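Engineer: Numbering (the working numbering), first residue to last: 1 to 641. Below you will find the structure I want to go over with you.
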């Protein structure tokens with residue numbers, strides 16, 4: 001079978017997402033300009049005539065939004081992954097870019113854009129300068145600011161036409177209390193409703209129409225439903241209650257803000273319309289292309305929708321749906337070159353964990369697989385997130401190289417009800433880890449996997465699970481790849497800055513309390529660093545130098561321990577990355593090294609390296625000699641000499 005080039009899977013897409021302007025006339029997306037993702041704009045009726053309007057370098061632009069003036073696009077950007085986000089405005093008329101939130105150490109968050117204030121943005125700013133912090137209405141034309149009255153210290157804030165209407169404060173027990181303003185928004189806020197700890201990750205507002213609040217809400221039930229709640233008297237009306245999984249998306253009317261449909265993502269994403277007219281529209285859209293439907297963007301009058309179709313063996317296809325005409329027209333996909341490759345189907349199954357808890361698993365096999373084969377268990381990050389069905393470049397890459405690929409939604413994953421999510425509380429390295437073993441046992445029993453050739457791989461929490469697998473069960477896995485994973489849980493909690501007290505309380509409830517003797521003992525026992533000397537299998541570690549969540553010092557300590565015990569380890573440092581790999585050149589370098597590492601450990605195929613390191617700043621701080629005998633990787637060994 002032909003090898004799919006890594007550059008096709010992990011390089012830049014030809015176009016990323018599609019955003020229709022509020023007036024429905026223009027289409028914005030991202031496309032590579034000199035190898036870096038930048039904003040391009042085209043008329044909605046001529047999507048292939050896009051014009052690049054920005055020239056960002058480095059990590060490029062990851063997303064953008066239209067302002068309601070139809071003349072501006074806004075986007076956030078940081079410096080090499082430090083997560084100090086600045087808000088930028090692109091003016092379409094002359095492609096001028098303005099930093100709306102300048103200043104060292106500034107972190108901006110776009111709260112709202114309003115059709116009633118098309119020339120402005122509501123922005124929350126955090127800054128080392130206390131006087132520069134707060135809520136600001138920023139004029140797009142000249143970046144002038146108008147400070148809003150100071151508010152109580154809320155963790156979350158819901159606004160409507162730039163008016164604060166709801167604010168939440170976390171409680172020490174892990175729950176939260178929501179308030180609504182009185183006559184003086186600076187001082188007078190009255191209780192609106194409360195959310196218990198067990199519901200705090202599965203209950204949240206999604207929209208507001210007058211005094212009617214729309215919530216995804218798990219209070220009083222297991223799976224999060226869509227409810228309508230009066231802010232006047234607190235009465236609730238149940239609008240939709242799912243059976244299989246939580247409500248995952250809510251489609252609100254762009255004008256009246258009434259719910260039109262909800263999506264529920266179990267094994268696949270399914271839309272449920274709330275009125276007959278919208279049901280007919282979704283029936284029509286389901287027949288236009290293959291894949292699960294997402295509403296990528298909409299015009300301000302709601303007459304135009306941009307639809308994305310996501311399938312397992314195809315690029316994302318975008319369509320323009322004209323609701324008045326009832327027609328959907330193809331726009332483009334995100335990768336023509338991907339469409340021509342031998343992609344493998346993603347399958348779904350349900351297995352029983354050690355205690356009977358049902359777990360959803362997604363798996364992809366090499367097209368010519370016969371009998372048990374080498375296997376990669378990809379562990380998603382979060383951990384309060386989930387894997388879903390659809391195109392996955394990691395699945396396609398590894399299956400194409402001869403590996404069976406597994407992704408399981410272990411306990412603690414989002415989307416399957418609050419009982420499933422909360423079953424992961426304080427179970428890092430224990431029941432959550434056992435779920436991964438249960439998935440592997442299932443794959444072996446199904447004849448998919450060779451028990452002697454199974455590897456772990458993951459980012460963030462997935463990296464932690466990789467380290468835990470190799471440290472706590474030293475002979476279970478053949479090797480592991482840890483991408484930005486924490487190895488010492490007390491250090492992870494200590495790295496949270498004091499101003500993020502709410503996040504500290506959240507982790508204290510979900511992981512363990514470092515302020516108690518029992519909590520400290522639990523966190524130490526679940527930390528792979530303390531048992532790193534037990535690791536017996538090869539390990540590849542990747543770290544971003546600017547990672548604000550998992551500091552480099554943590555990976556340095558782990559590697560020192562491994563080398564002191566002569567444990568084979570390759571340690572990669574990306575000096576221009578943070579908590580994740582954003583630059584395409586670095587993604588290619590990482591995957592090239594990982595492919596060689598896996599070929600050595602598990603015996604899969606490898607595409608020879610050819611220039612993948614030319615534009616990457618990757619540094620091999622340990623283990624370069626382990627890669628020197630692979631075609632094209634000797635350069636890495638020379639870099640370390």
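Backbone N, C-alpha and C define an ideal beta-carbon position, used for all residues, glycine too. These numbers come from a predicted model, not from an experiment.
Buried or exposed for residue 333, going by 16 or more other Cβ atoms inside 10 Å?
Structural biologist: Working through the chain shown from its first residue, we reach residue 333 at position 333. Classification of residue 333: buried, given that the 10 Å Cβ count is 16 or more.
Engineer: Within the segment 438 to 487, note down every full beta strand (DSSP E) run reaching 3 residues or more, in order along the chain.
Structural biologist: Listed in chain order, the complete beta strand (DSSP E) runs (minimum 3 residues) inside the segment 438 to 487 are 449 to 459 and 479 to 483.
Engineer: Can you list, in chain order, the residues of its chain whose CB lies under 6 Å from that of residue 460, leaving out five sequence neighbours each side?
Structural biologist: Indexing the chain shown from 1 puts residue 460 at position 460. Closer than 6 Å at the Cβ level, and outside the excluded window around residue 460, lie 381 and 484.
Engineer: What span of residues does the beta strand (DSSP E) with residue 214 cover, start to end?
Structural biologist: Working through the chain shown from its first residue, we reach residue 214 at position 214. Taken as a continuous stretch (DSSP letters only), the beta strand (DSSP E) holding residue 214 covers 212 to 217.
Engineer: Assess, as a yes-or-no matter, whether the segment 404 to 415 is touched by the segment 18 to 28 under the definition of 3 or more beta carbon pairs within less than 8 Å.
Structural biologist: The segment 18 to 28 vs the segment 404 to 415: no contact.
Engineer: Going by C-alpha distance, which of 44, 373, 517 and 312 is nearest residue 328?
Structural biologist: On the chain shown, position 328 is the one that residue 328 refers to. The option with the nearest alpha carbon to residue 328 is 44.
Engineer: With DSSP run on the structure shown, which of helix, strand or coil describes residue 540?
Structural biologist: Here residue 540 corresponds to residue number 540 of the chain shown, with the count starting at 1. Of the three classes helix, strand and coil, the one that applies to residue 540 here is strand, per DSSP.
Engineer: Mind checking who residue 346 pairs with in its DSSP beta bridge?
Structural biologist: Sequence index remark: in the chain shown, residue 346 carries index 346 (1-based). DSSP, once it has assigned bridges, lists 364 as partnering residue 346.
Engineer: Going by DSSP in three states, residue 125 sits in which element: helix, strand or coil?
Structural biologist: Translated into the one-based positions of the chain shown, residue 125 becomes position 125. Of the three classes helix, strand and coil, the one that applies to residue 125 here is strand, per DSSP.
Engineer: Mapping DSSP to helix, strand and coil, what is residue 159?
Structural biologist: Here the question's residue 159 lines up with position 159 in the chain shown. In this structure, residue 159 counts as strand in the three-state DSSP scheme.
Engineer: In angstroms, rounded to a whole number, what distance separates the CA positions of residue 453 and residue 398?
Structural biologist: Position 453 of the chain shown holds residue 453. Position 398 of the chain shown holds residue 398. Going by the C-alpha atoms only, they are around 14 Å apart.
Engineer: Please return the same chain residues whose Cβ sits closer than 6 Å to the Cβ of residue 595, not counting the five positions on each side in sequence.
Structural biologist: Taking the first residue of the chain shown as 1, we reach residue 595 at position 595. If we look at residue 595 and ignore the five residues flanking it on each side, its Cβ neighbours are 606.
Engineer: Measure the CB-CB distance between residue 11 and residue 36 and report whether it falls below 8 Å.
Structural biologist: On the chain shown, position 11 is the one that residue 11 refers to. On the chain shown, position 36 is the one that residue 36 refers to. Contact flag unset, no.
Engineer: Assuming residue 435 and residue 353 form a contact by the criterion Cβ under 8 Å, report the distance between their Cβ atoms to the nearest whole angstrom.
Structural biologist: For the purposes of this step, residue 435 is taken as residue 435 along the chain shown, with counting starting at 1. For the purposes of this step, residue 353 is taken as residue 353 along the chain shown, with counting starting at 1. The pair is a contact, with the Cβ atoms about 5 Å apart (cut-off 8 Å).
Engineer: Of all the options 231, 272, 530 and 232, which has the alpha carbon lying nearest to the alpha carbon of residue 470?
Structural biologist: To locate residue 470, count along the chain shown from 1; it is residue 470. Ranking 231, 272, 530 and 232 by Cα distance to residue 470 puts 530 first.
Engineer: At the level of alpha carbons, what is the spacing between residue 124 and residue 194?
Structural biologist: Residue mapping note: residue 124 aligns to position 124 of the chain shown, counting from 1. Residue mapping note: residue 194 aligns to position 194 of the chain shown, counting from 1. Cα-Cα distance, rounded: 24 Å.
Engineer: Quick one: is residue 363 buried, meaning 16 or more other Cβ sit within 10 Å of its Cβ, or exposed?
Structural biologist: Position 363 of the chain shown holds residue 363. So residue 363 counts as buried.
Engineer: Quick one: using the 10 Å Cβ neighbour count with 16 as the cut-off for buried, is residue 34 buried or exposed?
Structural biologist: Translated into the one-based positions of the chain shown, residue 34 becomes position 34. Exposed, because fewer than 16 other Cβ atoms sit within 10 Å of the Cβ of residue 34.
Engineer: Would you tell me roughly how many angstroms separate the C-alpha atoms of residue 180 and residue 227, rounded to the nearest one?
Structural biologist: The sequence position of residue 180 within the chain shown is 180, counting from 1. The sequence position of residue 227 within the chain shown is 227, counting from 1. Their backbone Cα atoms lie some 18 Å apart in a straight line.
Engineer: Assuming residue 402 and residue 366 make a contact with CB atoms under 8 Å, what is their CB distance in whole Å?
Structural biologist: Walking along the chain shown from the start, residue 402 turns up at place 402. Walking along the chain shown from the start, residue 366 turns up at place 366. So it is a contact: roughly 5 Å between Cβ atoms.
Engineer: Got a sec, what are the start and stop residues for the alpha helix (DSSP H) residue 397 sits in?
Structural biologist: Locating residue 397 in the chain shown gives position 397, counting from the first residue. Counting along the chain, the alpha helix (DSSP H) containing residue 397 begins and ends at 393 to 400.
Engineer: Helix, strand or coil for residue 37? Go by DSSP, reduced to three states.
Structural biologist: Stepping through the chain shown from its first residue, residue 37 is reached at position 37. Strand.
Engineer: Since residue 134 and residue 150 should fall inside the 8 Å C-beta cutoff, what is the C-beta to C-beta distance between them, to a whole number of angstroms?
Structural biologist: Locating residue 134 in the chain shown gives position 134, where the first residue counts as 1. Locating residue 150 in the chain shown gives position 150, where the first residue counts as 1. Yes, they are in contact, since the Cβ atoms of residue 134 and residue 150 sit about 6 Å apart, within 8 Å.
Engineer: Could you say if the segment 541 to 557 and the segment 596 to 605 meet the contact criterion of at least three C-beta pairs nearer than 8 Å?
Structural biologist: Counting Cβ pairs under 8 Å, fewer than three are found: no touch.
Engineer: Residues in its own chain within less than 7 Å of residue 585 by CB, not counting five upstream and five downstream?
Structural biologist: In the chain shown, residue 585 corresponds to position 585, counting from 1. The residues are 615 and 616.
Engineer: Between 545, 580 and 441, which lies nearest to residue 463 when the distance is taken from Cα to Cα?
Structural biologist: Here residue 463 corresponds to residue number 463 of the chain shown, with the count starting at 1. Of the listed residues, the one whose Cα sits closest to residue 463 is 580.
Engineer: Using three-state DSSP, classify residue 535 as helix, strand or coil.
Structural biologist: By one-based count along the chain shown, residue 535 stands at place 535. It is coil, neither helix nor strand.
Engineer: Taking the beta carbon of residue 321 as the centre, do at least 16 other beta carbons fall within 10 Å, making it buried, or is it exposed?
Structural biologist: Taking the first residue of the chain shown as position 1, residue 321 is located at position 321. So residue 321 counts as buried.
Engineer: What are the start and end residues of the beta strand (DSSP E) that includes residue 16?
Structural biologist: Locating residue 16 in the chain shown gives position 16, where the first residue counts as 1. Unbroken beta strand (DSSP E) run through residue 16: 16 to 20.
Engineer: Cα separation between residue 50 and residue 447?
Structural biologist: The residue you call residue 50 lines up with position 50 of the chain shown. The residue you call residue 447 lines up with position 447 of the chain shown. Each residue's Cα considered, the two are about 49 Å apart.
Engineer: Buried or exposed: where does residue 536 fall if 16 or more other Cβ atoms within 10 Å of its Cβ makes it buried?
Structural biologist: As a position in the chain shown, residue 536 is number 536, starting the count at 1. Exposed, because fewer than 16 other Cβ atoms sit within 10 Å of the Cβ of residue 536.
Engineer: Within the same chain, show all residues whose beta-carbon is closer than 6 Å to that of residue 330, passing over the 5 residues directly before and after it, in chain order.
Structural biologist: Position 330 of the chain shown holds residue 330. So the list reads 319, once near-sequence residues are dropped.
Engineer: For residue 290, does the count of other Cβ atoms within 10 angstroms reach 16, so buried, or fall short, so exposed?
Structural biologist: Here residue 290 is taken as the residue at index 290 of the chain shown, counted from 1. Looking at its Cβ environment, which holds fewer than 16 other Cβ atoms inside 10 Å, residue 290 is exposed.
Engineer: Out of 313, 565, 510 and 522, which one is the CA nearest neighbour of residue 533?
Structural biologist: Position 533 of the chain shown holds residue 533. Of 313, 565, 510 and 522, the residue nearest in Cα terms is 565.
Engineer: Of the choices 583, 577, 131 and 572, whose alpha-carbon is the least far from that of residue 593?
Structural biologist: On the chain shown, position 593 is the one that residue 593 refers to. Comparing Cα-Cα distances from residue 593 to each of 583, 577, 131 and 572, the minimum goes to 572.
Engineer: Taking the alpha-carbon of residue 242 as reference, which of 264, 229 and 250 has the nearest alpha-carbon?
Structural biologist: For the purposes of this step, residue 242 is taken as the residue at position 242 of the chain shown. Considering only alpha carbons, the answer is 264.
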